[in-house]
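As structure tokens, the structure follows; a few thoughts come after it.
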Amino acid sequence: MESFPYPNFLLEHGNALSKTLDRTISVDPAFVVAIARRGPRLIELAEKYDIWLPPKGLKIISDTALLFISSKKSEHTVSVFDDVLIYGSTMRRVLNMVLEKGFFPVPFVLAKGDVHPGFQTNAFYTLSLPKSQFSAFNSESVMALRYLSKPYDINHPLFYISLKPELVLKKDIVQLIKKCYPKCYDLTNDLESRIGIVNLTILDWKDELPPLLIPRYTETFPQSTKVRIIVNLRTRIVTIEPISLFDIHAKNILDGKLPFINEIPWLNELTRNIVDFVNKIDSSDTEKELAIVCTTTYLAEWLYGYSFILDSELFEKEEKETPVELMKTFDMDILLGQELSKKFQMAIKSSESLTKETLKGYLSLTGRTKYGSSIS
Numbered sequence: 026m027e028s029f030p031y032p033n034f035l036l037e038h039g040n041a042l043s044k045t046l047d048r049t050i051s052v053d054p055a056f057v058v059a060i061a062r063r064g065p066r067l068i069e070l071a072e073k074y075d076i077w078l079p080p081k082g083l084k085i086i087s088d089t090a091l092l093f094i095s096s097k098k099s100e101h102t103v104s105v106f107d108d109v110l111i112y113g114s115t116m117r118r119v120l121n122m123v124l125e126k127g128f129f130p131v132p133f134v135l136a137k138g139d140v141h142p143g144f145q146t147n148a149f150y151t152l153s154l155p156k157s158q159f160s161a162f163n164s165e166s167v168m169a170l171r172y173l174s175k176p177y178d179i180n181h182p183l184f185y186i187s188l189k190p191e192l193v194l195k196k197d198i199v200q201l202i203k204k205c206y207p208k209c210y211d212l213t214n215d216l217e218s219r220i221g222i223v224n225l226t227i228l229d230w231k232d233e234l235p236p237l238l239i240p241r242y243t244e245t246f247p248q249s250t251k252v253r254i255i256v257n258l259r260t261r262i263v264t265i266e267p268i269s270l271f272d273i274h275a276k277n278i279l280d281g282k283l284p285f286i287n288e289i290p291w292l293n294e295l296t297r298n299i300v301d302f303v304n305k306i307d308s309s310d311t312e313k314e315l316a317i318v319c320t321t322t323y324l325a326e327w328l329y330g331y332s333f334i335l336d337s338e339l340f341e342k343e344e345k346e347t348p349v350e351l352m353k354t355f356d357m358d359i360l361l362g363q364e365l366s367k368k369f370q371m372a373i374k375s376s377e378s379l380t381k382e383t384l385k386g387y388l389s390l391t392g393r394t395k396y397g398s399s400i401s
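Okay, so the sequence shown: first residue is 26 according to the working numbering, each after it adds one.
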């Protein structure tokens, strides 16, 4: 366990969180659906601080990963976990998704809001919150997730890499990154400062790069691109989250119009496999399009994020580190489910050297220095 202070949220609600998560496995579920965004990260937080450890072999996915599960007649239960239930619209949506997949959903929440029962979805709960405590509970849970030193949304790829040893103090890190990337903004809040976390966002880093790598992705260029950088000063680990907002035409991809450059063939091959995979799932056209949007965006952002790591001199990089080793299986499994996550990892490994060299070539086409600006 890291040496920085214990989250107040866990001091107050840790036992209740452990009890709730124990309940999710008490019904012998086929798998557990943790509702994004906070559900998966609360489970990760409980593991990090040894409050709760999942049984070996337990599958935990997000509600997004339900898009990649085929419908089937099954008597198996599926536990659905969320942090808080007030009116229950999100919980109802996910319960319906599980039912449509042929499973029997059992809902569990850490806390239930004290509202009129006629307006609320039923769920097993551990804490009961009066209206006066809604805001404080939500705020405390969000602050607790800062201790993970990573974004708590799950829809973008995350990379983990070591900071260069000479970068020790926050002021030195911020100064260098802002020098290298003029459109860098320090979003570190007071809590993050106290626990040794630096939270930065770089806007429009090589925003001309995605159209080069994904020429057939959309009919328009990205509306915006950014890279989030979260530095844990105690562990020296940097979490990188690439974010690109595209106008995605999922139907075009489902119709066979592949989006990526031919120089990295595994990307289009994986896209074909995903399209075949999605078409075999017994789901609506809308769900299939959502699945394609999710996976193709993830692949595009992966290209963007890995390019950033290759281009930047801020990190301690070793040639032995592969693109897969810079990521965590848990993050991919939660979003995509284990089957697609394994396909993605295998596809990366099949063409590591080619991918790296191709991306370096395209980075040189952007006409900037290693640091992404004209600084000498």
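Just so it is clear, CB atoms sit at the ideal spot from N, CA and C, and this is done for glycine as well.
{"query": "Bridge partners - residue 167, DSSP secondary structure assignment", "result": "Answer is none; residue 167 lacks a bridge partner."}
{"query": "Residue 66 in three-state terms, based on DSSP", "result": "helix"}
{"query": "Where residue 107 falls: helix, strand or coil (DSSP)", "result": "strand"}
{"query": "Where residue 386 sits in the DSSP three-state scheme", "result": "helix"}
{"query": "Residue from 70, 52, 293 and 134 with nearest C-alpha to residue 112", "result": "134"}
{"query": "Element boundaries [alpha helix (DSSP H), containing residue 112]", "result": "Careful: residue 112 lies outside any alpha helix (DSSP H) and carries neither H nor E."}
{"query": "Reduced DSSP secondary structure (H/G/I, E/B, other) of residue 155", "result": "coil"}
{"query": "Outcome for residue 181 when other beta-carbon atoms lying within 10 angstroms are tallied against a minimum of 16", "result": "buried"}
{"query": "C-alpha gap between residue 132 and residue 267, whole angstroms", "result": "33 Å"}
{"query": "Residue from 295, 288, 269 and 272 whose Cα sits closest to the Cα of residue 281", "result": "295"}
{"query": "Continuous alpha helix (DSSP H) stretch holding residue 51: start and end", "result": "33-51"}
{"query": "Cβ-Cβ separation, residue 385 to residue 335 (assumed contact under 8 Å), whole Å", "result": "6 Å"}
{"query": "Endpoints, alpha helix (DSSP H) assigned at residue 148", "result": "Per DSSP, residue 148 belongs to no alpha helix (DSSP H) and is neither H nor E."}
{"query": "The segment 233-240 contacting the segment 160-168, beta-carbon criterion three pairs below 8 Å", "result": "no"}
{"query": "Which residues DSSP lists as bridging residue 133, in chain order", "result": "106 and 149"}
{"query": "Host beta strand (DSSP E) of residue 214 (start-end)", "result": "Premise fails: residue 214 is in no beta strand (DSSP E) and is neither H nor E."}
{"query": "With 16 other Cβ atoms within 10 Å as the buried cut-off, status of residue 89", "result": "buried"}
{"query": "Pairwise C-alpha distance: residue 151 and residue 138", "result": "11 Å"}
{"query": "Cβ pair count under 8 Å reaching 3, the segment 69-84 against the segment 182-200", "result": "no"}
{"query": "Buried versus exposed, by CB contacts within 10 Å (16 or more), residue 31", "result": "exposed"}
{"query": "Best match in 146, 283, 353 and 153 for proximity to residue 14 [C-alpha to C-alpha]", "result": "What is shown of the chain runs 26 to 401, which leaves residue 14 out entirely."}
{"query": "Close beta carbons around residue 102, own chain, < 6 Å, minus the five adjacent residues each side", "result": "52, 54, 129 and 131"}
{"query": "Distance between residue 315 and residue 394 (C-alpha atoms, nearest Å)", "result": "Residue placement at residue 394 is flagged as unreliable, the pLDDT there being 45, under the threshold of 50; a coordinate-derived value is accordingly withheld."}
{"query": "Short Cβ contact (8 Å threshold) for residue 2 with residue 179", "result": "Lying before the first or after the last residue shown, residue 2 is absent from the chain, which here runs from 26 to 401."}
{"query": "Residue of 319, 301 and 291 minimising C-alpha distance to residue 375", "result": "291"}
{"query": "Burial state of residue 82 (16 or more Cβ within 10 Å)", "result": "exposed"}
{"query": "Secondary structure, beta strand (DSSP E): runs of 3+ residues fully inside the segment 253-282", "result": "262-270"}
{"query": "Where the beta strand (DSSP E) through residue 223 begins and ends", "result": "222-228"}
{"query": "Nearest to residue 167 (by Cα), restricted to the options 378, 377 and 34", "result": "34"}
{"query": "Whether residue 104 touches residue 45 by CB criterion (8 Å)", "result": "no"}
{"query": "Buried versus exposed call for residue 252 [16 or more other C-beta atoms within 10 Å across all chains shown]", "result": "buried"}
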